[in-house]
Every structure is written in C-alpha cells, then in structure tokens.
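Asks:
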C-alpha cells in the first residue's frame, strides 16, 4: 500500500494527429479544402492544450498530460509547433506515438490498439516511478475545444477507484458533493451527436491484465454505433458505464 506521501495521478490523453496539411481532418477537407481543415485542426488542438495545460484538479491529484498522435515520425515537428503555438503550456504535455496495430489487434482495430497501447505504456512508466499511484485515464477527442474542464474533473471522480474520503479532494472542482455518487470500477463516457463519443474516462483497473485492449474490443470506430459498442465493450470487461 502506498504511503501518505504518495501522489495520486490522473492522466489526460488528447488523441490528435499532427495538423499537417493534407493529412489531418481529411473528411472535413473533402467538404471544404485542405487549408481550412488544417486551420481547424490547429485551432482545436491549440485550445485544448492551453485549456488542460494547467493543473485544474487540486488536492492530492496531479494531472499527467499526453498527446497521442500518429505518425511517430512527426514527433519533432509536433513538439516545435506546440512550443510556438502554446508557449505557456506545451512543456506540460508529453508526446506519445500511437502503437502500430498487429494481426492480434484485429478485434479492436488500429484506433483500439493505439488507445489500449497508450494505457499500457503510461501505466508501465508509472510503475517505474516511486511514490505514484496510477489513477483514472481520460481520452479526449481533438474536435472538442468547448469541452468544459469541470466535465473532465467529474469524469475523473466517477472513474476513480479511490474511496469517497480520498475523492473529496475533487469537491472544490466539482462545486458539489458529486463524489458521493462515485462507484468503484465505473467508466464515464460522453456521447456525441453523431453516435461517437468525445470523452472516455476509465478506472485504474483498465491497466490490469489485458483490460487495456479488451476495453476496446469490437468497437465500431467511425460509425454511428461507436459509442454504443464502446459501452458494450466496457461492460464486457466488467466496468459499470455512466453517460
């Protein structure tokens, strides 16, 4: 058991390709043009990096910030652009290339392999650090610059497996005693109008065994059933879902 001096970490993972013209927001580009699509992508990423680039969860919770991107060869260009676009917050973000899918990942797809792989990578790094407790993980889509920080903080509280007493550190952020409703091993998902989702927060147990990949099994990515099939995958792992 961790001692009193241990730190409880939550992780925000922003899923965002490097905004290279002609390579980002390709579906949007077909309806507009490559220049507009790139500008839109840059604006969204820049706003989210700045919004979540500072500690907005107080008390015993610290926030790790990761940008999950592809392809891995864009890492240097991504870092340079972030430093220019978000000079005050870019240093608070780590860049993590998406895992390349293998034949074993057929049931979860390339995106599922990338999301699951990021959980394994981050939890593995965390285990090498002293006085840190691996906490809930929140995935944020890049198209949501309007996503309130309070919603993400709320999702952390729901997905946390900590006791109600430990969760009380989030009350200041939530503005109400919401943590009293937090259920152990509960996942939080915020649906989108098109049937996908814009936020997914998973409890620490997602890093146990093969849960990181099973949590994305048979999700119908890029369809109107992405959210509903994601909820089913979470239930199959044994997590309670909350919308």
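Residue numbers (my numbering): 124 to 366. Even glycine gets a Cβ: it sits at the ideal position worked out from N, Cα and C. It should be emphasised that the depicted structure is a prediction, and the values quoted were computed from it without experimental measurement.
Using the DSSP secondary-structure output, state which residues sit across from residue 311 in a beta bridge.
Replies: Per DSSP, 324, 365.
Asks: Could you check whether residue 187 and residue 134 sit closer than 7 Å to each other, using their CB atoms as the reference points?
Replies: Cβ distance < 7 Å, so residue 134 and residue 187 count as in contact.
Asks: For residue 322 and residue 275, which I take to be in contact (beta-carbon distance under 8 Å), what is that distance rounded to the nearest angstrom?
Replies: Sure, about 7 Å apart at Cβ, within 8 Å.
Asks: I'd like the span of the alpha helix (DSSP H) that includes residue 204, first residue to last.
Replies: Its alpha helix (DSSP H) spans residues 198-208.
Asks: Going by C-alpha distance, which of 194, 310, 168, 280 is nearest residue 378?
Replies: There is simply no residue 378 to check, as the chain begins at 124 and stops at 366 in what is shown.
Asks: When the Cα atoms are used, what is the spatial distance from residue 315 to residue 225?
Replies: Spanning the two alpha carbons is a distance of roughly 29 Å.
Asks: Would you kindly work out how many angstroms separate the C-alpha atoms of residue 195 and residue 277, rounded to a whole number?
Replies: Cα-Cα distance, rounded: 32 Å.
Asks: Under the DSSP definition of a beta bridge, which residues are partnered with residue 264?
Replies: According to DSSP, which records beta bridges pairwise, residue 264 is partnered with 138.
Asks: What separation, rounded to the nearest whole angstrom, lies between the Cα atoms of residue 257 and residue 152?
Replies: So the alpha carbons of these two residues sit roughly 39 Å apart.
Asks: Based on the DSSP output, what are the partners of residue 186 in its beta bridges?
Replies: DSSP output for residue 186 lists 133 as bridge partner(s).
Asks: What number of angstroms, rounded off, separates the C-alpha of residue 308 from the C-alpha of residue 332?
Replies: If I take the Cα positions, the gap works out to 15 Å.
Asks: May I ask which residues mark the beginning and end of the beta strand (DSSP E) holding residue 219?
Replies: Counting along the chain, the beta strand (DSSP E) containing residue 219 begins and ends at 216-220.
Asks: Count the other CB atoms, across all protein chains shown, that sit within 10 Å of the CB of residue 266; report buried if there are 16 or more and exposed otherwise.
Replies: The residue in question, residue 266, is buried, as its Cβ has 16 or more Cβ neighbours within 10 Å.
Asks: State the Cα-Cα distance for the pair residue 352 and residue 343, rounded to the nearest angstrom.
Replies: Cα to Cα, residue 352 sits roughly 6 Å from residue 343.
Asks: Helix, strand or coil: how does DSSP classify residue 234 here?
Replies: Helix at residue 234.
Asks: Could I get the ranges of all uninterrupted alpha helix (DSSP H) runs contained in the region 324-356, with 4 residues as the minimum, in chain order?
Replies: Runs found: 334-337.
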